[in-house]
Amino acid sequence: MTPTDKPVTQRSLFSWVLSGNLKLQLLLVVVIMVTVFARVVPLEMQKRIVNQAINLRKMDLLLTYCGIYLAAVIVAGGLKYLINVLETVIGQRALAEMRKGLYHHILTLPLNFFRKTQPGMVVSSLVTELTTAGTFVGMALAVPVTNVLTLLAFAGYLLWLNPLLAVVSLSIYPIVLLLVPLLQKQANKSNKQRVDVTRTLSSRIAESISGIHEIHSNGAYPLENKKYDRLIDRLLKIRTRWSLYKYGVKTLNNFFNNLSPFLIFILGGYLAMKGRLELGALVAFLSAQEKLYNPWKEMIEFYQVYQDASVRYRRTMTYFNRMPEHALAPADRTAYHLDADLQIKDLSFVTEGGIALLDNISLDLKAGEHLALVGFSGSGKSTLAQCVGQLYKYTGGIVKIGNQEVAQLSKKDMINNVGFVAQHPFIFEGTIEENLLYGCSAALAGNGHQEDGGLPSLDDRIAVLQHTGIFTDVLRFGLITLLTPGIHEDLTRRIVNVRRNFQADFGELLADHVEFFSDDSYLYHSSISENLTLGSANRPEFEPAQLPTNSYFRNFLDKADLTRPLLSLGSGLTRQTVDILGNLPPDEVFFEQSPINATELDDYKLLVQRLKQARLHQLSESDQQMLLTLALRFTPGVHKMVGLPSVLEDLILEGRALFRDKVAAEHPGAFSFFQQDEYLYSQTILNNILFGKPTSSSHQTQEKINQSIIQLLIEEDLLETILEIGMQFEVGTKGDKLSGGQRQKLAIARAFLKNPRLLIMDEATSALDNNSQARIQNLIDSRYKGKSTLISVVHRLDIVKKFDKIAVMRAGKIVEIGTYEELINQKGVLYELVAGKQ
Amino acid sequence: MSSSPGNNDPAMSCEFKENLKIFREIPFFAGLSLEAHKVFAYLCRRETYQAGDYLFRQGDDDGQAFYILSGSAKITRQTDTATTDIAQCEAGEFLGSMALMGTQRRLFSLQAKTDIRSLVLAREKFSRAMQQFPELMPKAIASLIQRVCLWEERLLTDPAQSCDQCRTKAGVSLL
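Chains as they are written, first to last, in the working numbering: chain A, 331 to 1168; chain B, 1072 to 1246.
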């Protein structure tokens, strides 16, 4: 919307007032003119009602004048609302544009800017500080025009009524105009300080929250509190001062405005007594003067908003007023398709503090050659990779990709030709697929393509999953998906079909790792409610979470003699779990094996107190429900803090049969009982294929099951479908549902999928196990050698043998470079490193 | 088709209490409080391995510690050409405390000789729990140091002739 060449941070606050809103602003001015006229009319009517209608006792005049008065008031009210609407629209639009513009700008700022900038600071700038600026833009035209016009209209009317009286009563305003800016200046000073301190404060908070582990492990509460409290105290002082000045302005204004009627009474009263002023005119005068107060007050408030907004706006924009180091897109050409040969000559990188991280580095790579960077941490390996990848702007020397200087290339040139895998890759909230396509989508969007056109095909996606070894993980995510009835009908039918084959082929092999569903035996890896119902609910009131409050189910528990044993089990579970977990933080790791969720722990802690004071039968209904909830969740194979009494086990098996009969007779259709030939929607795809549950979440169990399942899925041609479902797995904020290895594999897959001509990997396989690492190394050797140029920062020496060149770095310099054989034969640093390792 | 609780039957008794008893007897955890023992007894898993299964493999950073409940395993070391058996690991043994404390690629493999039941504690869980009991880390480190020194002392004082040569390369406790 704003085709300015200037970056957003250099735009003035006023530039937002008209840009993009011209038509609205014009409409606003017209509306204001009408409104001001509609505001003066009642005053004149007031005078005429007193002087003409009442004095002359003319009923028809009274009615006419009152009618006009009423119409004017209604019109003025309606128009005032319209003005507010327009103001809001303009203001909010400008705010949205500012927020977008600033955010877009911030993302392009160089990386070293963010080393010194806390996320909290960016958040408060975008969310809080700009709001007033938005409000101001909305008011910028409307308020001054409305109020100046109103003031002028009223003042003109007063002058017309009685010039002398008008001059005297208006004489207060120049005084106010003189005093207010003095106070406001002080208020501004405090406001500036307030913005700065608030900024420091949000950085402080952000820092302590991200370092909360360190604070806990050091018990550093007093230290952190002191730092924080000191800031708050400063803020307290500044805010108090700021508010006092602001109220000072208001009070001053009020005082002088109240002084005005005093002048009118004294002078007007005198003139009226002398017969030089009509009574009606005096009434009109008084109310006109009173009406002056509002527009005047609004002007003063507007002045304050303006001051506040411009302080905040300037502070915010100045802070982010830095230029990106590289253009986002080339100005006068299409993006390059670069050759992948690389020349580095006399490259150096010196930090702002004057420390040389890279010192006179020179090397050449032909297209398709693979280079390993080796050296101790801090030797500059990563910095070199990042300088070549344009993440940091080098301070001296030359880096050329395909004979183009990297410093001169735009971001678009880079992303079209270079793939970068960072040491700690970032995975964004969303699905596996979204993360996998992240690089490709970004490149496409940058090249102005349609959203989906040109993305890699499903086959390519699956191939890259396979190559990087995240394939089994994605398959696993697919297998643990719960399907929704009505979707994937075909899939569910096929799964049911393969179930029987599966048990025939693999049943025995997996007996140790799978507990198969069976009508006659207790399932130790299913919850008690699953053991009782052994089916999926078809009605919401029979969902597992509803059972403790479902009266039909409670009656059944009574009848099956299960209520008391379950309450007793629930009580044992509550006491044991709270005893173990009571003092631990709500961390997912601690609650994986607990029937109590992290969010419920506090409630159950209180329940333990009540359990100490009462017998089971004395507990309130809600306490009993809490106990039943836990008991029904209890899964002996997962929750190890108590054992399942064998008496209860028998009762539950009896209860299962009773429940089935009861439901069949009284609520047919409420449950789909687990049957060999039906899909179980309450269970994952995996459990459906197994017709059972895995007995452990351990790696080896998973692997055993996977081997059999993959074989089956390939035979049945279901593999792609499950993978597609698996790619829809939500990885959580920052990918926290993935392991470190899975995150790295996904990041590598995302770079491979782009098929870049130059690939830079910064310790990209450091979190992978031996097999995964070897798999990726083989892939790089077989598929990319001779095709894509590779720079790989390597943390393990056993994988460097196959690289075309190895560069050993120390203190920002390349100390030796050559093939593995050359360097080993010359018995230099690499030789020492390798020998030292053995 | 039947479920197979076997002798791993969770219904037979309370697994947590048995685990707790074991943790109180493992020297590495000896200095810790009962509260910490409870958390570890709760966080560990029981796993079964069939004869021939690997509990971990050389070169992996699996980050797990094992307490063998029943069965026996062998520790092996693989070179480019051959695999050598190094030692035996029997029921009642605990190994892997160093794997719990930090990243470490296994220098050996551990392979089940018979079917094995084992307690397994993962590094991730161990370290999260240790964050909750910051006072425990010094004790854990002290226990580890003590055991490393003890191990080297045994090597140095081993009367067997074949150890003479190894002794020239000793000095782990000097690290």
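Don't be surprised by glycine CBs; every beta carbon is placed ideally from N, CA and C.
Contact with chain A by residue i, beta-carbon distance below 8 angstroms
{"i": "Cys-1085(B)", "result": "yes"}
{"i": "Gly-1130(B)", "result": "yes"}
{"i": "Asp-1151(B)", "result": "no"}
{"i": "Lys-1196(B)", "result": "yes"}
{"i": "Thr-1119(B)", "result": "yes"}
{"i": "Arg-1188(B)", "result": "no"}
{"i": "Arg-1238(B)", "result": "no"}
{"i": "Ala-1241(B)", "result": "no"}
Cβ of residue i within 8 angstroms of any chain B Cβ
{"i": "Asn-1100(A)", "result": "yes"}
{"i": "Gln-1072(A)", "result": "no"}
{"i": "Gln-1156(A)", "result": "no"}
{"i": "Phe-344(A)", "result": "no"}
{"i": "Gly-549(A)", "result": "yes"}
{"i": "Asp-1173(A)", "result": "The structure shown does not extend to residue 1173(A), since chain A is modelled only from 331 to 1168, so the question has no answer here."}
{"i": "Gln-939(A)", "result": "no"}
{"i": "His-434(A)", "result": "no"}
{"i": "His-818(A)", "result": "no"}
{"i": "His-700(A)", "result": "no"}
{"i": "Glu-781(A)", "result": "With a pLDDT of only 49 at Glu-781(A), under 50, the local geometry of the prediction cannot be trusted, and no value is derived from it."}
{"i": "His-543(A)", "result": "yes"}
{"i": "Gln-1037(A)", "result": "no"}
{"i": "Gln-753(A)", "result": "no"}
{"i": "His-546(A)", "result": "yes"}
{"i": "Gln-1107(A)", "result": "no"}
{"i": "Gln-1032(A)", "result": "no"}
Cβ-heavy atom distance, residue i to the ligand FMN, below 7 angstroms
{"i": "Ala-773(A)", "result": "Within the structure as shown, the ligand FMN is missing, as the structure has no ligands at all."}
Residues sharing a beta bridge with residue i, DSSP
{"i": "Ile-384(A)", "result": "According to DSSP, Ile-384(A) bridges with nothing at all."}
{"i": "Met-1139(A)", "result": "Gly-705(A) and Ile-1144(A)"}
{"i": "Thr-421(A)", "result": "It should be noted that the sequence gives Gly, not Thr, for residue 421(A). In the DSSP output, where bridge partners are listed per residue, Gly-421(A) has none listed."}
{"i": "Gln-716(A)", "result": "None; Gln-716(A) has no bridge partner."}
{"i": "Pro-1024(A)", "result": "Val-844(A)"}
{"i": "Thr-1119(B)", "result": "Arg-1188(B)"}
{"i": "Lys-730(A)", "result": "Gln-673(A) and Glu-735(A)"}
{"i": "Leu-304(A)", "result": "Coverage of chain A is limited to positions 331 through 1168, which leaves residue 304(A) absent and any answer about it impossible."}
{"i": "Phe-1003(A)", "result": "Gly-865(A)"}
{"i": "His-667(A)", "result": "None, per the DSSP bridge assignment."}
{"i": "Gly-1127(B)", "result": "Position check: residue 1127(B) holds Phe in this sequence, whereas Gly was assumed. Its beta-bridge partners are Leu-1181(B)."}
{"i": "Arg-1148(B)", "result": "Thr-1155(B)"}
Nearest-angstrom beta carbon gap, residue j and residue i [assumed within contact, 8 angstroms]
{"i": "Ser-1069(A)", "j": "Arg-1116(B)", "result": "With a Cβ gap of about 16 angstroms, Ser-1069(A) and Arg-1116(B) do not count as contacting."}
{"i": "Leu-1190(B)", "j": "Phe-1127(B)", "result": "Rounded, the Cβ-Cβ distance is 14 angstroms, inconsistent with contact."}
{"i": "Thr-1119(A)", "j": "Leu-812(A)", "result": "With 8 angstroms as the limit, Thr-1119(A) and Leu-812(A) do not qualify as a contact, their Cβ atoms being about 45 angstroms apart."}
{"i": "Gln-634(A)", "j": "Lys-576(A)", "result": "6 angstroms"}
{"i": "Gly-1130(B)", "j": "Asn-1100(A)", "result": "4 angstroms"}
{"i": "Leu-1098(A)", "j": "Arg-986(A)", "result": "That belief does not hold up - the Cβ atoms of Leu-1098(A) and Arg-986(A) are roughly 46 angstroms apart, past 8 angstroms."}
{"i": "Leu-1160(A)", "j": "Val-704(A)", "result": "7 angstroms"}
- Task: Closer than 7 angstroms, Cβ to Cβ, to anything on chain B: give me those residues from the segment 963-977 of chain A, in chain order.
- Result: Only those residues of the segment 963-977 of chain A whose C-beta falls short of 7 angstroms from the nearest C-beta of chain B are listed: Pro-966, Gly-967, Lys-970, Met-971, Val-972, Gly-973, Leu-974 and Ser-976.
- Three or more beta-carbon pairs under 8 angstroms between the segment 961-969 of chain A and the segment 839-857 of chain A, yes or no? Three or more beta-carbon pairs drawn from the segment 961-969 of chain A and the segment 839-857 of chain A are found closer than 8 angstroms, and the two stretches are therefore classed as touching.
- Task: Using a Cβ-Cβ cut-off of less than 9 angstroms, list which residues of the segment 1000-1028 of chain A approach chain B; keep chain order.
- Result: Taking a C-beta cut-off of 9 angstroms against chain B, the contacting residues of the segment 1000-1028 of chain A are Phe-1021, Gly-1022, Thr-1025, Ser-1026, Ser-1027 and Ser-1028, listed in chain order.
- Say whether the segment 419-438 of chain A touches the segment 333-347 of chain A, bearing in mind that this needs 3 or more beta-carbon pairs closer than 8 angstroms, one atom from each stretch. Contact holds between the segment 419-438 of chain A and the segment 333-347 of chain A, because three or more Cβ pairs, one in each stretch, are under 8 angstroms apart.
- Message: For the segment 903-923 of chain A, list every residue whose C-beta sits within 8 angstroms of some C-beta in chain B, in sequence order.
- Response: Hits within the stretch, in order: Gln-906, Asp-909, Ile-910, Leu-911, Asn-913, Leu-914, Pro-915, Asp-917, Val-919, Phe-920 and Gln-923.
- Message: Can you confirm whether the segment 665-684 of chain A touches the segment 638-652 of chain A when touching is taken to mean that 3 or more C-beta pairs between the two stretches lie within less than 8 angstroms?
- Response: At 8 angstroms Cβ cutoff, the stretches do not touch.
- What residues in the segment 1089-1113 of chain B have a beta carbon less than 7 angstroms from any beta carbon of chain A? Hits within the stretch, in order: Lys-1109, Val-1110 and Tyr-1113.
- Message: Residues of the segment 1201-1235 of chain B in Cβ contact with chain A at a cutoff of 7 angstroms, in chain order, please.
- Response: Closer than 7 angstroms at the C-beta level to chain A, one finds these residues of the segment 1201-1235 of chain B: Gln-1202, Gln-1203 and Pro-1205.
- Message: Under 8 angstroms, with one C-beta from each stretch per pair, do the segment 742-757 of chain A and the segment 699-708 of chain A reach the 3-pair mark?
- Response: The answer is no - the segment 699-708 of chain A does not touch the segment 742-757 of chain A, with fewer than three Cβ pairs under 8 angstroms.
- Query: Are three or more beta carbon pairs between the segment 1104-1122 of chain A and the segment 1078-1095 of chain A nearer than 8 angstroms?
  - Reply: Three or more pairs of CB atoms, one per stretch, sit closer than 8 angstroms, so the segment 1104-1122 of chain A contacts the segment 1078-1095 of chain A.
- Message: Any C-beta of chain A within less than 7 angstroms: which residues of the segment 1142-1176 of chain B qualify?
- Response: If the cut-off is 7 angstroms between Cβ atoms, the segment 1142-1176 of chain B has nothing near chain A.
- Query: Within the chosen definition, does the segment 990-1003 of chain A reach the segment 787-804 of chain A through at least 3 CB pairs nearer than 8 angstroms?
  - Reply: As far as the Cβ criterion goes, the segment 990-1003 of chain A does not touch the segment 787-804 of chain A, which means the pair count is below three.
- Query: Is the number of C-beta pairs between the segment 581-596 of chain A and the segment 619-633 of chain A that are closer than 8 angstroms three or more?
  - Reply: Taking a cut-off of 8 angstroms on C-beta distances, the segment 581-596 of chain A touches the segment 619-633 of chain A, as three or more cross pairs fall below it.
- Do the segment 1193-1208 of chain B and the segment 544-551 of chain A make contact, defined as three or more Cβ pairs closer than 8 angstroms? The segment 1193-1208 of chain B and the segment 544-551 of chain A touch, with no fewer than 3 CB-CB distances between them shorter than 8 angstroms.
- Is there contact between the segment 515-535 of chain A and the segment 563-581 of chain A, where contact requires at least three CB pairs shorter than 8 angstroms? The answer is yes - the segment 563-581 of chain A touches the segment 515-535 of chain A, with three or more Cβ pairs under 8 angstroms.
- Per the contact definition of three or more C-beta pairs closer than 8 angstroms, is the segment 553-561 of chain A in contact with the segment 482-494 of chain A? Too few Cβ pairs lie closer than 8 angstroms, so no.
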